[in-house]
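Only one structure is covered here, and it is reproduced in the block below.
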Amino acid sequence: MSVPLLGQMMDAPLLLSALLTHAKDYHGDTEVVSRTVEGGIHRYTYADAAQRSRQLANALKRIGVGMGDRVGTLAWNGYRHFELYYAVSGSGAVMHTVNPRLFPEQVAWIINDAEDSVLCFDLTFAPLVEAIAPKCPTVKHWVAMTDRAHMPAIKLPNLLCYEDWVEAESDEYEWPQFDEKAACTLCYTSGTTGNPKGVLYSHRSMMIHTMSGAVPDVFNLSARDCVLPVVPMFHVNAWAVPYAAPMVGAKLVFPGAALDGASLHELFESEGVTFSAGVPTVWQGLLQHLQANKLKVSTLKRCVIGGSACPPALMKTFEQDYGVKIHHAWGMTEMSPLGTFNQLKNKHLKLSAEQQFAIETKQGRPPFGVQLKIVDADGRSLPRDGHAFGDLLVKGYWIVDRYFKGDKSPLQDGWFPTGDVGTLDSDGYLQITDRSKDVIKSGGEWISSIDLENVACAHPGVAQAAVIGVHHPKWDERPLLVVVKKPGEEVDRDALLAIFPDRVAKWWIPDDVVFVSELPMTATGKISKLRLREQLKDHRLPGV
Ligand code: AMP
Numbered sequence: 033m034s035v036p037l038l039g040q041m042m043d044a045p046l047l048l049s050a051l052l053t054h055a056k057d058y059h060g061d062t063e064v065v066s067r068t069v070e071g072g073i074h075r076y077t078y079a080d081a082a083q084r085s086r087q088l089a090n091a092l093k094r095i096g097v098g099m100g101d102r103v104g105t106l107a108w109n110g111y112r113h114f115e116l117y118y119a120v121s122g123s124g125a126v127m128h129t130v131n132p133r134l135f136p137e138q139v140a141w142i143i144n145d146a147e148d149s150v151l152c153f154d155l156t157f158a159p160l161v162e163a164i165a166p167k168c169p170t171v172k173h174w175v176a177m178t179d180r181a182h183m184p185a186i187k188l189p190n191l192l193c194y195e196d197w198v199e200a201e202s203d204e205y206e207w208p209q210f211d212e213k214a215a216c217t218l219c220y221t222s223g224t225t226g227n228p229k230g231v232l233y234s235h236r237s238m239m240i241h242t243m244s245g246a247v248p249d250v251f252n253l254s255a256r257d258c259v260l261p262v263v264p265m266f267h268v269n270a271w272a273v274p275y276a277a278p279m280v281g282a283k284l285v286f287p288g289a290a291l292d293g294a295s296l297h298e299l300f301e302s303e304g305v306t307f308s309a310g311v312p313t314v315w316q317g318l319l320q321h322l323q324a325n326k327l328k329v330s331t332l333k334r335c336v337i338g339g340s341a342c343p344p345a346l347m348k349t350f351e352q353d354y355g356v357k358i359h360h361a362w363g364m365t366e367m368s369p370l371g372t373f374n375q376l377k378n379k380h381l382k383l384s385a386e387q388q389f390a391i392e393t394k395q396g397r398p399p400f401g402v403q404l405k406i407v408d409a410d411g412r413s414l415p416r417d418g419h420a421f422g423d424l425l426v427k428g429y430w431i432v433d434r435y436f437k438g439d440k441s442p443l444q445d446g447w448f449p450t451g452d453v454g455t456l457d458s459d460g461y462l463q464i465t466d467r468s469k470d471v472i473k474s475g476g477e478w479i480s481s482i483d484l485e486n487v488a489c490a491h492p493g494v495a496q497a498a499v500i501g502v503h504h505p506k507w508d509e510r511p512l513l514v515v516v517k518k519p520g521e522e523v524d525r526d527a528l529l530a531i532f533p534d535r536v537a538k539w540w541i542p543d544d545v546v547f548v549s550e551l552p553m554t555a556t557g558k559i560s561k562l563r564l565r566e567q568l569k570d571h572r573l574p575g576v
């Protein structure tokens with residue numbers, strides 16, 4: 033067998049600790065600002081964060097955390113969580129961010145599955161931790177992420193105070209060099225069916241993901257930006273923003289637990305935020321606050337919205353009324369999460385605003401590093417014509433190969449089946465039609481719930497909309513529209529259904545409308561169609 037001629041360049045593993053070292057060396061005075069759980073604003077620099085992360089790495093070593101050991105967190109976006117991101121992964125241990133919005137039994141299940149040896153928590157979650165501790169035998173140390181003055185009055189074995197623990201250590205610490213394929217982080221999927229599944233990212237995969245995610249056609253991040261990730265650090269690494277911001281030297285602002293419109297707006301304005309990222313419900317909350325109080329945003333320029341489909345009406349309002357460009361993105365826990373990002377191409381610049389908008393409402397195209405294909409029920413590739421829709425499969429540098437402790441690979445011929453259904457056009461833009469289990473199957477044909485929700489959200493009286501399939505004796509399933517009205521708005525069933533005929537095929541029009549005061553949400557801020565279907569399973573459609 034012939035052997036390639038090896039290049040003669042320096043060989044250094046791609047390790048996440050290098051990102052923070054770079055930020056310290058070249059952006060040392062750039063600020064990291066956090067709204068804290070204890071109250072008030074904490075402010076320091078990348079140089080400070082790097083120093084404290086080295087102290088924390090020593091602290092972890094002192095309590096016996098070694099290579100590959102899992103350190104769990106139940107925490108909001110804040111500077112201590114950021115220090116853990118680097119100290120844990122940088123020292124060769126595995127950062128395991130647990131979603132505190134899950135049910136306590138699920139939280140305990142996940143901690144046990146991951147076999148976390150240390151669990152660090154924000155004060156908000158002290159009662160949760162106290163309740164689950166007896167069920168988590170692998171956890172040897174519990175760390176309250178606060179100072180001595182705010183220590184919670186809870187009974188836990190081996191409870192440490194984060195500030196005492198870190199401040200007792202020296203900052204003399206050399207980040208170890210090890211195999212870049214080593215695991216850095218562990219996140220669990222939301223798991224709407226069965227138990228959640230762990231996705232174990234490697235330093236290499238996360239580093240390549242971060243570099244590809246910062247480029248102009250994706251997050252477009254630079255040292256002139258001030259970035260506020262609303263997406264939680266417990267949800268797929270806050271879409272890698274805590275890695276990308278130090279890489280480019282952007283100012284970083286953490287919102288803590290206050291994710292309502294008023295708190296976010298205040299922080300955007302006081303810190304001069306230029307770029308932010310989050311799920312649609314967060315932006316709907318912000319928009320309602322801006323509209324109700326006749327406010328403007330003065331520095332915010334760009335937002336990425338993903339996690340679930342972004343209603344076009346929301347994108348349009350932000351751009352036209354507030355001058356904020358919304359970029360639609362799609363991804364999943366199994367993809368670290370970046371799958372696609374929406375930016376126009378050069379050839380699109382000469383199109384009309386309306387034509388451009390039609391492209392921008394799609395989920396976007398893959399950055400270098402991700403490949404997409406859609407297939408029919410027999411696994412045959414479908415054309416990239418923007419019309420044919422099928423099961424979406426992905427492949428790439430930062431996509432799961434197998435689940436944590438999983439004995440069977442989920443891949444099909446080297447491709448990961450996403451469980452999403454969509455179309456691809458000739459330029460590679462993806463449009464998600466549905467999660468495959470949410471597609472409405474009517475008379476053997478498929479109806480996209482997302483398309484119908486987008487039409488409903490364009491009605492001025494609609495705050496939120498969800499469409500589910502309900503049983504129909506003749507058609508198998510028919511669409512039912514479930515709506516939360518905007519406060520103070522009057523809209524009835526017939527007025528709402530009247531907007532559909534011009535926008536979708538006649539047989540797609542929902543058979544009925546139900547008004548509710550709120551929609552059930554998942555732990556990651558998405559509308560839970562599973563629970564909605566359960567709630568409305570006895571709904572009788574008109575004429576049935
Ligand atoms: P998670 O692993 O919790 O991040 O969930 C991933 C799933 O969220 C995907 O498989 C999609 O079903 C959904 N999703 C993420 N982004 C979008 C988007 N922009 N539009 C529609 N669905 C999305």
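Residues in the sequence shown are numbered from 33 upward in steps of one, following the numbering used here.
The C-beta atom is built at its ideal place from N, Cα and C for all residues, glycine as well.
Given the structure is predicted, the values throughout are model-derived calculations rather than measurements.
If I'm right that residue i touches residue j with Cβ under 8 Å, what's the distance once you round it to whole angstroms?
i	j	result
aspartate 452	serine 441	In fact, because the Cβ distance is near 19 Å, the residues do not count as touching under 8 Å.
leucine 218	histidine 128	4 Å
lysine 561	aspartate 470	5 Å
histidine 267	threonine 556	5 Å
valine 516	glutamate 366	Rounded, the Cβ-Cβ distance is 30 Å, inconsistent with contact.
isoleucine 464	tryptophan 362	6 Å
glycine 493	lysine 473	Not really, about 29 Å apart at Cβ, beyond 8 Å.
cysteine 335	alanine 294	Going by Cβ atoms, the distance from cysteine 335 to alanine 294 rounds to 17 Å, so no, they are not a contact pair.
proline 208	serine 123	7 Å
aspartate 543	proline 574	7 Å
Residues in its own chain within less than 7 Å of residue i by CB, not counting five upstream and five downstream?
i	result
alanine 246	Leu253, Ala276, Met279 and Val280
lysine 167	Ala140
alanine 282	Leu253, Ser254, Ala255, Asp257, Cys258 and Val259
arginine 565	Ile500
isoleucine 391	Leu376, His380 and Tyr461
In whole angstroms, what is the alpha-carbon distance linking residue i and residue j?
i	j	result
arginine 535	valine 487	7 Å
valine 263	glycine 371	16 Å
serine 66	leucine 291	13 Å
aspartate 466	valine 426	16 Å
arginine 86	leucine 116	10 Å
proline 34	histidine 241	According to the sequence displayed, residue 34 carries serine and not proline. Going from the Cα of serine 34 to the Cα of histidine 241 covers about 32 Å.
alanine 579	aspartate 203	There is no way to answer for residue 579, as the model of the chain reaches only from 33 to 576.
glutamate 485	tryptophan 430	31 Å
tyrosine 118	alanine 163	28 Å
aspartate 101	valine 126	6 Å
phenylalanine 307	tryptophan 478	37 Å
glutamate 206	serine 368	27 Å
glutamine 387	histidine 360	16 Å
glutamate 195	aspartate 570	53 Å
asparagine 90	phenylalanine 157	25 Å
valine 576	glycine 475	15 Å
alanine 272	methionine 238	8 Å
glutamate 201	serine 121	18 Å
aspartate 145	threonine 105	14 Å
phenylalanine 210	aspartate 408	43 Å
cysteine 342	alanine 497	11 Å
Enumerate in chain order the residues of its own chain whose CB-to-CB distance from residue i is below 6 Å, with the five nearest sequence positions on each side excluded.
i	result
aspartate 154	Val69, Ala107, Trp108 and Met177
tryptophan 447	Leu425 and Lys427
arginine 563	Pro552
I'd like the list of long-range same chain contacts for residue i, defined as Cβ closer than 8 Å, with 5 residues on each side in sequence excluded.
i	result
valine 305	Cys258, Val259, Leu260, Val285, Leu299, Thr331 and Leu332
leucine 346	Pro312, Trp315, Gln316, Leu319, Ile337, Ile358 and Cys489
alanine 165	Val171, Trp174, Leu188 and Pro189
histidine 59	Tyr78, Ala255, Pro278 and Gly281
valine 198	Arg84, Gln87, Leu88, Ala91 and Glu115
leucine 327	His297 and His321
Subject >> At least three beta-carbon pairs within less than 8 Å, the segment 140-155 to the segment 96-104 >> reply: Cβ pair count under 8 Å is three or more, so yes.
Original post:
Can you give, in chain order, each stretch of the beta strand (DSSP E) that sits fully within the segment 340-395 and has at least 3 residues?
Top reply: For the segment 340-395, the continuous beta strand (DSSP E) assignments of 3+ residues that do not extend past its boundaries occur at 357-363 and 370-373, in sequence order.
**OP:** Ignoring anything shorter than 3 residues or poking outside the segment 228-307, list the beta strand (DSSP E) runs there in chain order.
**Re:** The qualifying runs are 230-234, 258-261 and 283-286.
Original post:
Quick one: any contact between the segment 409-428 and the segment 453-464, if contact means 3 or more CB pairs under 8 Å?
Top reply: Result yes; three or more Cβ-Cβ pairs closer than 8 Å.
Original post:
So does the segment 348-363 actually touch the segment 376-388, counting three or more Cβ pairs closer than 8 Å?
Top reply: The segment 348-363 is not in contact with the segment 376-388.
Subject >> Whole runs of the alpha helix (DSSP H) within the segment 122-154, excluding any shorter than 4 residues >> reply: Restricted to the segment 122-154, the alpha helix (DSSP H) segments that are unbroken, complete and at least 4 residues in length are 136-146, listed in chain order.
Subject >> 3-residue-minimum beta strand (DSSP E) runs that sit fully inside the segment 444-493, ordered along the chain >> reply: Fully enclosed beta strand (DSSP E) runs of no fewer than 3 residues occupy 448-456, 462-467, 472-474 and 477-479 of the segment 444-493, in order along the chain.
Original post:
Looking at C-beta atoms only, is the number of pairs between the segment 501-510 and the segment 522-530 that lie closer than 8 Å three or more?
Top reply: Contact fails: fewer than three Cβ-Cβ distances are below 8 Å.
**OP:** Kindly provide the ranges of any beta strand (DSSP E) runs that are 3 or more residues long and lie completely inside the segment 183-219, ordered along the chain.
**Re:** Here the runs fully enclosed are 191-193.
**OP:** With a floor of 3 residues, list each beta strand (DSSP E) that falls wholly inside the segment 506-557, ordered by position along the chain.
**Re:** 508-517 and 544-547, all fully within the segment 506-557.
Original post:
Counting only runs that start and end within the segment 73-97, where is the beta strand (DSSP E) found for 3 or more residues in a row?
Top reply: Listed in chain order, the complete beta strand (DSSP E) runs (minimum 3 residues) inside the segment 73-97 are 73-77.
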